[in-house]
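Trainee: Take 1 as the starting number for the sequence shown in our numbering and just add one per residue.
Ideal Cβ placement from N, Cα and C applies to all residues, glycine included.
Input: one structure, supplied below.
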Amino acid sequence: MREFGCEATDVPRRNRQAAYGIIVNDKGELAIVHAKRGWFLPGGGIEAGETAEECLHRELLEELGWEIRIQGYIGAARQYFYTQARDVHIANDGHFFTADFMRKVQEPVEDDHVLRWVPILQAIEMLAHENQAWAVRQAVEQG
1 MREFGCEATD
11 VPRRNRQAAY
21 GIIVNDKGEL
31 AIVHAKRGWF
41 LPGGGIEAGE
51 TAEECLHREL
61 LEELGWEIRI
71 QGYIGAARQY
81 FYTQARDVHI
91 ANDGHFFTAD
101 FMRKVQEPVE
111 DDHVLRWVPI
121 LQAIEMLAHE
131 NQAWAVRQAV
141 EQG
């Protein structure tokens, strides 16, 4: 698995499994979400007993109110980071999928997430985590 960021070896850390969607519209723009700590791909943490695909469906429904169709698996990459809000070091194993928005079925549950469509190259520069930018580049290369 590719790794990004600096691993903090002398402090406790929390391992986190997550799933993220790489969704491009017909204008060649990438769906990214603004949350408190910056810009991210839509998705989030995998809950106990949940597959990565199930997580992605749930997260997109919660964050944006959309049903999606997963197209393919891009790969996995780990991002090391520190979150001040929780005062913890994280090793986030992101599992990345290409997907399409199907339809909006509800209002978002998480009102602090704002969807924006951004040209792919600009979006790559905006993403807060290097593993997400890597996954988008992989998706572009795979076509």
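From the DSSP output, which residues share a beta bridge with residue 93?
Mentor: DSSP lists 17, 78 as partners of residue 93.
Trainee: Using DSSP with H/G/I as helix, E/B as strand and the rest coil, what is residue 102?
Mentor: Strand, per DSSP.
Trainee: Does any residue of chain B have a CB that is nearer than 8 angstroms to the CB of residue 84?
Mentor: Among the protein chains of the structure shown there is no chain B, as only one such chain exists.
Trainee: On the criterion of 16 or more Cβ atoms from any shown chain inside 10 Å, does residue 20 qualify as buried, or is it exposed?
Mentor: Buried: at least 16 other Cβ atoms inside 10 Å.
Trainee: Between the beta-carbon of residue 22 and the beta-carbon of residue 81, is there less than 8 angstroms?
Mentor: For residue 22 and residue 81, no; Cβs fall outside 8 angstroms.
Trainee: Please list, in chain order, all residues of the same chain as residue 119 whose beta carbon is under 7 angstroms from its beta carbon, the five residues on each side excluded.
Mentor: Answer for residue 119: 28, 29, listed in chain order.
Trainee: Report the CB separation of residue 49 from residue 16 in whole angstroms; it is logged as a contact under 8 angstroms.
Mentor: Actually they are not in contact, since the Cβ atoms of residue 49 and residue 16 sit about 16 angstroms apart, beyond 8 angstroms.
Trainee: Check the C-beta distance from residue 65 over to residue 76 and give it rounded, since I have them as a contact under 8 angstroms.
Mentor: With a Cβ gap of about 27 angstroms, residue 65 and residue 76 do not count as contacting.
Trainee: Taking the alpha carbon of residue 99 as the point to measure from, which residue in 70, 79, 129, 127 has its own alpha carbon closest?
Mentor: The shortest Cα separation from residue 99 among 70, 79, 129, 127 belongs to 70.
Trainee: Could you check where the beta strand (DSSP E) with residue 30 kicks off and where it finishes?
Mentor: Run containing residue 30: 29 to 35, per the beta strand (DSSP E) assignment.
Trainee: In terms of DSSP beta bridges, what is residue 2 paired with?
Mentor: DSSP lists 77 as partners of residue 2.
Trainee: Please report the residue range of the beta strand (DSSP E) in which residue 153 lies.
Mentor: This structure leaves residue 153 out entirely; the chain is present only between 1 and 143.
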